[in-house]
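> Read in order, the letters of the sequence shown are residues 389 to 571 in this note's numbering.
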Amino acid sequence: MTHDMYQDLERILYDRQTLEKRVAELGRAISADFSAHPPLMVCVLKGAVVFFSDLLKTITVPVEIDFMAASSYGGQTVSSGTLEITKDLSRSVKGEHLLLVEDIIDTGRTLLRLRDLLLSRGAAQVRIATLLDKPSRRVVDLKPDYCGFTIPDAFVVGYGLDYAEKYRNLPEVGILSPSAIRD
Ligand code: IMP
Ligand code: MG
Numbered sequence: 389m390t391h392d393m394y395q396d397l398e399r400i401l402y403d404r405q406t407l408e409k410r411v412a413e414l415g416r417a418i419s420a421d422f423s424a425h426p427p428l429m430v431c432v433l434k435g436a437v438v439f440f441s442d443l444l445k446t447i448t449v450p451v452e453i454d455f456m457a458a459s460s461y462g463g464q465t466v467s468s469g470t471l472e473i474t475k476d477l478s479r480s481v482k483g484e485h486l487l488l489v490e491d492i493i494d495t496g497r498t499l500l501r502l503r504d505l506l507l508s509r510g511a512a513q514v515r516i517a518t519l520l521d522k523p524s525r526r527v528v529d530l531k532p533d534y535c536g537f538t539i540p541d542a543f544v545v546g547y548g549l550d551y552a553e554k555y556r557n558l559p560e561v562g563i564l565s566p567s568a569i570r571d
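(1) With H, G and I counted as helix, E and B as strand and the rest as coil, what does DSSP make of leucine 530?
(2) The ligand IMP and threonine 446: does the residue's C-beta get closer than 7 Å to at least one heavy atom of that ligand?
(3) For the ligand IMP, any of its heavy atoms closer than 7 Å to the Cβ of valine 514?
(4) Less than 8 Å between the CB atoms is what I'm expecting for histidine 391 and histidine 485, so what's the real figure, rounded?
(5) In chain order, which continuous runs of the beta strand (DSSP E) of length 3 or greater are located wholly inside the stretch 449-509?
(6) Would you identify the three-state DSSP class for tyrosine 402, choosing helix, strand or coil?
(7) If we count the other Cβ atoms within 10 Å of its Cβ and call it buried at 16 or more, is alanine 512 buried or exposed?
(8) Looking at the secondary structure, which residues open and close the alpha helix (DSSP H) in which leucine 443 lies?
(9) Suppose you measure from the CA of serine 567 to the CA of glutamine 395; what does that come to, to the nearest Å?
(10) Where valine 451 and leucine 488 are concerned, what is the direct C-alpha to C-alpha distance, given to the nearest angstrom?
(11) Going by the beta-carbon positions, is the gap between threonine 518 and isoleucine 493 smaller than 8 Å?
(12) In or out: aspartate 521 buried (at least 16 other Cβ within 10 Å) or exposed?
(13) Can you list, in chain order, the residues of its chain whose CB lies under 8 Å from that of lysine 482, leaving out five sequence neighbours each side?
(14) Using CA coordinates, which residue listed in Cys431, Asp442 and Lys434 is at the minimum distance from glutamate 413?
(15) Excluding sequence positions up to five away, which residues of its chain have a Cβ less than 6 Å from the Cβ of arginine 556?
(16) Looking only at its chain, what residues have a beta carbon closer than 6 Å to the beta carbon of valine 524, apart from the 5 residues adjacent to it on each side?
(17) Is the Cβ-Cβ distance between isoleucine 563 and valine 544 less than 8 Å?
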């Protein structure tokens, strides 16, 4: 049996060309803003991995990279209220200019806690780049410094974003159709 991921999409929100163009714009802005202090770019796993690797290639200052994974959700949709670091950075960030790269900001809890943690470790600054932002869902005061697209409150997958760990490998961002969601 074949399983076509596109059958599970209500519609495509951002196709490859649109994503590529917008990511390049973000890369230009980041390169200009960080020209004095090239950043340590931190990929927030797993969702940001595709955006991160594409963004990286559009940046013209000599960055360093590292990876981190955190979870602030107990189950699928309910926030557990605590931040669990499941994979930490490989070295100290004291005095570093950090650029946290995330797939999507929803309630904002995960990134707010991550930013506070990295500042408490002595980072000189922590800026945030996100591919997608759902500001209507925000419960904490957090705004990204760089945002690809602001989207309405819909569940999206692809380009790194998952539903139950699937669809990350779709090269485009789409809205998941309700029929594909099994609660
Ligand atoms: P929050 O901002 O702390 O609520 O959590 C953001 C995280 O929730 C993201 O990094 C995603 O892993 C996940 N998330 C939120 N909205 C979506 C969505 O529409 N599709 C896929 N993952 C999502
Ligand atoms: Mg995520």
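Heads up, the beta-carbon is just placed ideally off N, CA and C, and yes, glycines get one too.
Per the coordinate set shown:
(1) Correct three-state label for leucine 530: coil.
(2) Every heavy atom of the ligand IMP is 7 Å or more from the Cβ of threonine 446, so no.
(3) It does not: the Cβ of valine 514 is nowhere closer than 7 Å to a heavy atom of the ligand IMP.
(4) Contact doesn't hold; Cβ gap of about 43 Å is too wide.
(5) Counting only unbroken stretches of 3 or more residues, the beta strand (DSSP E) elements lying wholly within the stretch 449-509 are 452-461, 467-475 and 485-493, in sequence order.
(6) Strand.
(7) By the neighbour-count rule (16 or more Cβ atoms within 10 Å), alanine 512 is not buried but exposed.
(8) Taken as a continuous stretch (DSSP letters only), the alpha helix (DSSP H) holding leucine 443 covers 437-444.
(9) Their backbone Cα atoms lie some 10 Å apart in a straight line.
(10) Put simply, the backbone Cα of valine 451 is about 12 Å away from that of leucine 488.
(11) Yes; because the gap between Cβ atoms is below 8 Å, this pair is in contact.
(12) It is buried - the Cβ of aspartate 521 has at least 16 other Cβ atoms within 10 Å.
(13) Taken in chain order, the residues that qualify are Arg509, Gly510 and Ala511.
(14) When each option's Cα is compared against that of glutamate 413, the closest is Asp442.
(15) Only Gly548 and Asp550 meet the Cβ criterion.
(16) Sequence check: residue 524 is serine here, not valine. Taking C-beta separations shorter than 6 Å and ignoring five residues to either side along the sequence, the partners of serine 524 in its chain run Asp541, following chain order.
(17) At a Cβ-Cβ threshold of 8 Å, isoleucine 563 and valine 544 count as neighbours.
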